[in-house]
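Asker: Residue numbers (the working numbering), protein chains in the order written: chain A, 11 to 415; chain B, 809 to 1790. Don't be surprised by glycine CBs; every beta carbon is placed ideally from N, CA and C. Handing you a structure now.
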Amino acid sequence: MFQIFAKNRMWRKQPLKHRYEVVIIGGGVHGLSTAYYLGKLGVTDVAVLDKGYLGGGASARTTAIIRSNYLTPEGIPFFNESVKLYEGLAKELNFNLLFNQMGRLDLGHTDSAVYGLRMRTEFNRILGVDSRLIGPKEIKKLVPSIDLREGKHFPILAALYHPPCGVIRHDAVVWGYGRGADRQGAELHPFTEVTGIDRTNGRVTGVETSQGLVKANTVISATAGWSSTIAKMVDLELPITTHALQAMVTEPLKPFLDKTISSANLHAYVYQTDRGEVVIGGGVDPYPSYSQRSTFQQMEELAANTLEMFPCLKNVNVLRQWAGLCDMTPDYAPILGPVDGIEGFILSCGWGSWGFKAAPVAGKRVAELIATGETPELIKPFSLSRFREGNLVNERAAAPAAAIH
Amino acid sequence: MAGDSHNQRLKPQPTELIDRNKSLEFQFDGRRVNAHQGDTVASALHAAGVAILSRGFKYHRPRGFLCGAGRCPNCLVNVDGVPNVRACTQQVRQAMNVRHQNAWPSLNLDFLSVLDRLQWLMPVGFYYKAFHRPKFLWGLAQRVIRRVGGLGSVDIDADPVTTYRHRYHHSDVAVVGGGPAGLAAALGAAEQGVGVTLIDDQPELGGHLLFNSKDFSGLPDLADGSGPEVASKLIQRVIESANIEVISGATVFAQYQDNLLTILHGDELVKVRAKSVVLATGTYEVPLQFQNNDLPGIMLTTAAQRLIHLYGVKPGNTVVVATVNDQAYQAALDLLNAGVEVAAVVDVRPTYSHGLEAATTLISRGVPLLTGHAITHATGKKRVRAVVVASVSPRSPDSPARRITCNLVCMAGGFQPANALLQHAGGSLDYDEKSGEGIPHDLPNGVYVAGEVTGVHDLATALLQGRLAGLEAARLVSGPGSNQEEIGRVRQRLNGLETEPGIIPSSPVSAPPVEAPTESRGKKNFVCFCEDVTVKDISQAIEEGFEDIQMLKRYSTATMGPCQGKMCLKALVGLCAQQTGRTIGDTGGTTARPPVQPVPLAALAGPSHMPVKRTPLDQNHRDLGASMVDLGPWQRAHSYGSPQEECLAVRQRVGIIDVTTLGKLEVTGRDAGALLDKVYTHHFSNLRVGRIRYGLLCSDNGTIMDDGTVTKLAEDRYFVTTTTGNVDLIEEWFNWWQAGTGSCAHVTNVTSAYAAVNVAGPRARDTLTKLTDVDLSAQSFRYMRSAQGAVAGVPAILLRIGFVGETGWEIHVPAEYGQHVWETIMEAGREFGIAPFGLEAQRILRLEKMHVIVGQDTDAASNPLDSGMDWVVRFDKEDFIGREGLKLASEQGPRNKLVGFIMQNWHVPEDGVPVVSGGKPIGKVTSARFSPTMNKGFGLAWVPAELAQDGTQISVLVNGVPQPAQVALQPFYDPEGELLRQ
């Protein structure tokens, strides 16, 4: 308890060395979690490089919903392990991540939407994930403020209720992993931009940075919306298009909603933070772009779609609107692991709108891959080669609000 | 406090906005409060002696009137059920009901203010370091935190109706800000003959001039007289200009790409698209930091000036004015003139600017000026009662602190340029050491700035800058060279302005921060009023390693509350720079994001735009008692009572279904066939006129996008149907592949032009023969053929197709005759026992035929080869969309296949359940129903390719229990399709 008065530095400031065993490009939640789990496996000669401040990219813009109610036999266990890791993470990192497992409802407004929800529910249950399909009566009990009137254009027919779903203080996860990685010996180097990747005989040998050349045996790209840019440095073209996802937040309100609510038909999701703000997120913009400027059209749509579910919020003020980049893959699943023909280069990308929730499992399993040289079973389905082999994962239906529409 | 119960209204002020002849009355927490027309809730409450307007977010400390301009969080109240209303900008309406927020039981006595005493337990980021061990503790703590969090409350039963509407507006030049620079810009642009829209957030134009009593004589041609006089002359010219449209009382809350300004104006949201934009948004004042700087009775100098000049309210009885700039001396004079006793002016600087007239006047009227001093702390419980002032001069560090009694403190903590819109537009800022402000550096194309937002605080400069910006903005509209000479003249004069006779050289009004006395670095010294973040919190956060301003913000939560940094960013950056030894420029800032001012969701949403589409037959379905379902934007009849009965009617007699919602495209032109060959997997250019072919569309990677029929009506004219939900997408898709090819094909969406019905069943021919001259006999009108002719006297396209597996025709007629045709067919079929059938019956019937519904039985990863539709993929075509993906798929062979199945017992699975093996999911059921024909559950499912054999046993989950089923590859009903051809 007394640690609340402690004033310990979160991480050390150190000079950048000329060589490391592992260089991680990207100091967001994925890069830092990978560094942390590498440390746990005894790989400590690690540098995490970021062009900006730590956690300043997608990790700063995420709406931080943690869940595992996915659709595919590949995706469900993967995200389920992540939820389990998140559940124990505060204790493990000795840092309260303000994880609130409030539960989530995915709304079905049409027969076909309910069909999709049922499919997810059934696949979740058989794979050990707590999900159930509930009707309007139970929805009303869980979310008294939702508009269940019949005869609306988007009537609420049913919902997929996923109790373990939670919301987390995203910055805290970044800092907690950062501190954990630092304590285990990894070095964190913000404001150190990677400008090139060196290769000899098809093997990665190091990175060029704004602070000079750094040699490394293994280079991990964990750069979220900038993965394609990093991949180009090794002449690799990824099956990724980058889209902005916009979100907004209202002024704080007294608690009225303690579930995450998502609607695929309305391309919107809504929850209330512990501080009382209502966070509203949407689908990714339908056109690819690296611009992180938000648009008014999306603000209008998000507002209208939110009011369709919660008309009681009509006079609630929006405080802030922002956009983050999502690297969308054709099958709405990540790309993890080594790349054929580029020895020592490891990808952790294609994180679309499902990246933050996977940070623990991806970090842990990629670390395992680097420490042992073996790709863990859990992440095998997410290899880059699946696109060549035609073994897509097809997780689209499970990124409902965020899908390109 | 003295005067708590007294009316603090001053004698009428020349510039006041209130109408003293019109009295209003409203309720504040049940107490009746008097006001005048034009009063804000806060000005009326202040006049009535109410000091506490709210309670702090975290510690529940009493908070009062602070900024007076709708920027800070201190006066958030609930007005007539609407939460988080800013009392200082909300005009009083008769009988409005104002209630406090975030305090219980009352503002004066708030039980949670005990948290203020426990502040030592809550250092910055304490919640990250507590409650997580043991795990259950967090669950408990979180419940408490959730209960005490938040500000206003929502009424979940509120009437959903709103009155907000949206309007579009186009303008050559948009000027944001109605102060002197904005007025000059509007005039400058308007005289060039371009259209100008001037938008100002205050009820009246004039900006700070309205309450600036300084004498501006001596600026010969620019301005003459007092602030209000200068303003009224400019305003007069603006009103007289035919080229200027003024939108007052309207907040520009964001600037988006390509000069889209979004404005909230009452209950109207205006979207202004301008060719060029002048931002003359001014500055706003920020608070100072000292112990207890948040007590009620401590406000900004500009807030006090607003109370006096705009509302005729006396801010307090005895004031201490604390400042870092010259501007506060004028405010002190204003207070003195309003009858407030000025106990002292405390200036942190060693001296005020040479020749400062207001200072001389203050001295002559006996006001003590304490330069080189600062307030270290304020005392008082529910209102400030005194302040302690100490020297900041390094030469006299030990000079004794002195206590000054007062019930009002006016703070001039410097100015923060209102540059949020500029940041939205993509402009960048540079920190200017001289003014202590971030000033515009890189301007985006088509954006100009003028006035105080550029860091100048001198009227002549502002006016000239405004004029220059207006001229330049107009030049962008009317082309280069149009007013080049005048632009040159103004620019030249602006450069030489300081040397003109009669101009008082402008002095820095906003000095860089001076290190405050160490005694004031306490834990009740607030930086961020929204989130209750103190100087000590900031300092500790930096010690913990949060040195970057963005991380400092995120860790301390400073700038993250309702004011979004308006009150605190300057102080936050100053403290961060000081402690980390960086310059303010290097420290940077946080990003301003839309909206500048909070905007209600209903205003953003506008009137609901969620249209429902009804077919021309909608009323007929409802009259027949149909249950309707939503399908995309459409409403369709689900069933008319019993889907099972409807199925039997189709199989045994004749049925009719409304298929108007099918997407319909006409593709015409010489190259129409070639376009269809390109987008579909099958051949269409070689189709003979009058023939129909099933069409399947794939995306680039070979997965199924949509399906439908393609009918060749003439050599250069095809009639294409798509699934109900996809028509817009498919229309775009066609046009996307057509664009730029130079070929001649036109795509017209005719979905709503036609009503369509499908008449199917053994007696369909008998029914329709009564209504048409078209020969419907099996020999003349064969399966997958079309004809055009009259049905029920109406020109129609007849397609002989069979989605439900019976002899039948899909009949398309002009939408306006839909009802007539439906009714006539119903009448004609009566003798044969015709029955309408709905969506559900159609789903069962087509399932018996194993006809796939795209999107139901297929998903984003399904391709035609795996879905049992390899017969529509023609690799003999040179190219079509998806060919490469399908080639790859055909080489690799399928992993999974879509097959039919029949249940081996009485169970009927639901759509979407898994196919299992050994407790693991190996496939999924996409459609399953009870077949009235077979008397069993059956359906379609994806299974591993090796199981896709006729007769293979599989297990399907029904209510969580695996049940046996058998794979079937042939349609369950009429496998050879003989009935279709009869």
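Measuring CB to CB, does M1658/B end up less than 8 Å from L1504/B?
Answerer: Here residue 1658/B refers to the residue found at position 850 of the second sequence. Here residue 1504/B refers to the residue found at position 696 of the second sequence. No; because the gap between Cβ atoms is not below 8 Å, this pair is not in contact.
Asker: Taking CB distances under 8 Å as the criterion, tell me whether R19/A reaches chain B.
Answerer: For the purposes of this step, residue 19/A is identified with residue 9 of the first sequence, where counting begins at 1. Output row for R19/A: interface = yes.
Asker: Does D954/B get closer than 8 Å to chain A when you measure Cβ to Cβ?
Answerer: Translated into positions along the second sequence, residue 954/B becomes position 146. Per the sequence presented here, residue 954/B reads as Arg, with Asp not at that position. Cβ-Cβ to chain A under 8 Å: yes for R954/B.
Asker: Please determine, among M319/A, T44/A and M309/A, the residue with the shortest C-alpha to C-alpha distance to N327/A.
Answerer: As a position in the first sequence, residue 327/A is number 317, starting the count at 1. Looking at the Cα atoms, M309/A is the closest of the given residues.
Asker: Between A1636/B and the rest of its own chain, which residues show a CB-CB distance below 6 Å, the 5 nearest in sequence each way excluded?
Answerer: Mapped onto the second sequence, residue 1636/B falls at position 828. For A1636/B, where only same-chain residues beyond five positions count, the Cβ hits under 6 Å are T1575, K1578 and L1579.
Asker: With C-beta atoms as the reference, is G217/A less than 8 Å away from G206/A?
Answerer: Here the question's residue 217/A lines up with position 207 in the first sequence. Here the question's residue 206/A lines up with position 196 in the first sequence. The amino acid occupying residue 217/A in the given sequence is Val; Gly does not appear at that position. Cβ distance < 8 Å, so V217/A and G206/A count as in contact.
Asker: So, are the CB atoms of R1193/B and A859/B less than 8 Å apart?
Answerer: Counting from one through the second sequence, the residue named residue 1193/B turns up at place 385. Counting from one through the second sequence, the residue named residue 859/B turns up at place 51. In this structure, A859/B does not lie closer than 8 Å to R1193/B by Cβ.
Asker: I need the boundaries of the beta strand (DSSP E) containing S1236/B, first residue and last residue.
Answerer: Locating residue 1236/B in the second sequence gives position 428, counting from the first residue. S1236 to D1240 is the extent of the beta strand (DSSP E) around S1236/B.
Asker: Whole angstroms are fine: how far does the CA of E384/A sit from the CA of G354/A?
Answerer: Indexing the first sequence from 1 puts residue 354/A at position 344. Indexing the first sequence from 1 puts residue 384/A at position 374. If you take the alpha carbons of G354/A and E384/A, they lie about 13 Å apart.
Asker: In the DSSP assignment, find the beta strand (DSSP E) that holds Y1137/B and state where it starts and stops.
Answerer: Counting from 1 along the second sequence, the entry for residue 1137/B is found at position 329. Taken as a continuous stretch (DSSP letters only), Y1137/B belongs to no beta strand (DSSP E), being part of the alpha helix (DSSP H) at Q1135 to N1145.
Asker: Please report the Cβ distance between S1286/B and V932/B, rounded to the nearest whole angstrom; I am assuming they are in contact, meaning their Cβ atoms lie under 8 Å.
Answerer: Within the second sequence, the letter at position 478 stands for residue 1286/B. Within the second sequence, the letter at position 124 stands for residue 932/B. Rounded, the Cβ-Cβ distance is 55 Å, inconsistent with contact.
Asker: May I ask you to report which of helix, strand or coil DSSP gives W1617/B?
Answerer: Taking the first residue of the second sequence as position 1, residue 1617/B is located at position 809. W1617/B: strand per DSSP, three-state reduction.
Asker: Considering only the beta carbon of each residue, do P1770/B and V1724/B sit closer than 8 Å?
Answerer: Your numbering for residue 1770/B matches position 962 in the second sequence. Your numbering for residue 1724/B matches position 916 in the second sequence. It is a contact, given that the beta carbons lie within the stated cut-off.
Asker: CA-CA distance, I14/A and N315/A?
Answerer: On the first sequence, position 4 is the one that residue 14/A refers to. On the first sequence, position 305 is the one that residue 315/A refers to. Going from the Cα of I14/A to the Cα of N315/A covers about 41 Å.
Asker: What's the call for N1133/B, buried or exposed, on a 16-neighbour Cβ count within 10 Å?
Answerer: For this step, residue 1133/B is matched to residue 325 along the second sequence. It is buried - the Cβ of N1133/B has at least 16 other Cβ atoms within 10 Å.
Asker: List, in order along the chain, the chain B residues whose C-beta lies closer than 8 Å to that of R142/A?
Answerer: For the purposes of this step, residue 142/A is taken as the residue at position 132 of the first sequence. Correct list: empty, because the minimum Cβ distance to chain B is about 11 Å.
Asker: Which same chain residues end up closer than 7 Å to Q221/A when comparing Cβ atoms and leaving out the 5 residues on each side of it in sequence?
Answerer: Numbered from its first residue, the first sequence carries residue 221/A at position 211. L26 and T202.
Asker: So if I threshold CB-CB distances at 7 Å, which residues from the region 284-304 of chain A count as touching chain B?
Answerer: Listed in sequence order: D284, R285, G286, R303 and S304.
Asker: Nearest by alpha-carbon distance to F1492/B: which of V922/B, D1524/B, Q1348/B and I1512/B is it?
Answerer: Here residue 1492/B is taken as the residue at index 684 of the second sequence, counted from 1. Closest option to F1492/B, Cα to Cα, is D1524/B.
Asker: Between the beta-carbon of G291/A and the beta-carbon of A343/A, is there less than 8 Å?
Answerer: For this step, residue 291/A is matched to residue 281 along the first sequence. For this step, residue 343/A is matched to residue 333 along the first sequence. For G291/A and A343/A, no; Cβs fall outside 8 Å.
Asker: May I ask you to verify whether the region 67-87 of chain A touches the region 168-175 of chain A, counting CB pairs closer than 8 Å and requiring at least 3?
Answerer: Result yes; three or more Cβ-Cβ pairs closer than 8 Å.
Asker: Would W1840/B pass as an interface residue toward chain A - the criterion being a Cβ-Cβ separation below 8 Å?
Answerer: Nothing can be reported for residue 1840/B, as the shown portion of chain B is limited to 809 through 1790.
Asker: For chain A, find out if any of its Cβ atoms is closer than 8 Å to the Cβ of K1421/B; answer yes or no.
Answerer: For this step, residue 1421/B is matched to residue 613 along the second sequence. Taking Cβ atoms only, chain A never reaches closer than 8 Å to K1421/B, which makes this a no.
Asker: Going along the region 936-948 of chain B in order, which residues come within less than 7 Å of chain A, judged by CB to CB distance?
Answerer: Cβ contacts with chain A come from Y936, K937, A938, F939, H940, R941, K943 and W946.
Asker: Grab the span of the beta strand (DSSP E) containing C359/A for me, first residue to last.
Answerer: As a first step, residue 359/A is located in the first sequence; it is residue number 349 there, counting from the start. C359/A -> beta strand (DSSP E) spans I352 to C359.
Asker: Answer yes or no: does any C-beta atom of chain B fall closer than 8 Å to that of S272/A?
Answerer: For this step, residue 272/A is matched to residue 262 along the first sequence. No, S272/A lies away from the interface with chain B (no Cβ there is under 8 Å from its Cβ).
Asker: For my contact list, V1555/B and V1680/B are in at a C-beta cut-off of 8 Å; report their separation, rounded to the angstrom.
Answerer: Residue mapping note: residue 1555/B aligns to position 747 of the second sequence, counting from 1. Residue mapping note: residue 1680/B aligns to position 872 of the second sequence, counting from 1. Not a contact, Cβ separation roughly 21 Å.
Asker: I need the DSSP call for Y281/A, collapsed to helix, strand or coil.
Answerer: Within the first sequence, residue 281/A is the residue found at index 271, counting from 1. Strand.
Asker: Buried or exposed, going by whether 16 or more other CB atoms sit within 10 Å of the CB of S979/B?
Answerer: Counting from one through the second sequence, the residue named residue 979/B turns up at place 171. Buried is the call here.
Asker: Determine, for Q1700/B, whether the minimum Cβ-Cβ distance to residues of chain A falls below 8 Å.
Answerer: The residue labelled residue 1700/B in the question sits at position 892 within the second sequence. Closer than 8 Å to some Cβ of chain A, the Cβ of Q1700/B qualifies, so yes.
Asker: Check the DSSP bridge columns for F1527/B and list the partner residues they point to.
Answerer: Translated into the one-based positions of the second sequence, residue 1527/B becomes position 719. Looking at the DSSP assignment, F1527/B forms a beta bridge with E1474/B and T1519/B.
Asker: For P1011/B, which residues from the same chain have a beta carbon less than 7 Å from its beta carbon, with the 5 sequence-adjacent residues on both sides left out?
Answerer: Working through the second sequence from its first residue, we reach residue 1011/B at position 203. L825, S1056 and G1057, listed in sequence order.
Asker: Check whether the Cβ of R71/A lies closer than 8 Å to any Cβ atom in chain B.
Answerer: For the purposes of this step, residue 71/A is identified with residue 61 of the first sequence, where counting begins at 1. Not an interface residue.
Asker: Look at the Cβ atom of V983/B, then the Cβ atom of A994/B, and state whether they are nearer than 8 Å.
Answerer: Here residue 983/B corresponds to residue number 175 of the second sequence, with the count starting at 1. Here residue 994/B corresponds to residue number 186 of the second sequence, with the count starting at 1. In this structure, A994/B lies closer than 8 Å to V983/B by Cβ.
Asker: Which residues, in chain order, does the region 317-340 of chain A contribute to contact with chain B at a C-beta distance below 8 Å?
Answerer: Taking 8 Å as the Cβ-Cβ cut-off against chain B, the residues of the region 317-340 of chain A that qualify are L317, E318, P321, C322, L323, K324, N325, V326, N327, V328, L329, R330, Q331, W332 and P340.
Asker: Compute the Euclidean distance between the alpha carbons of A1088/B and T1169/B, then round it to the nearest angstrom.
Answerer: Taking the second sequence and counting its residues from 1, one reaches residue 1088/B at position 280. Taking the second sequence and counting its residues from 1, one reaches residue 1169/B at position 361. Those two C-alpha atoms are separated by around 31 Å.
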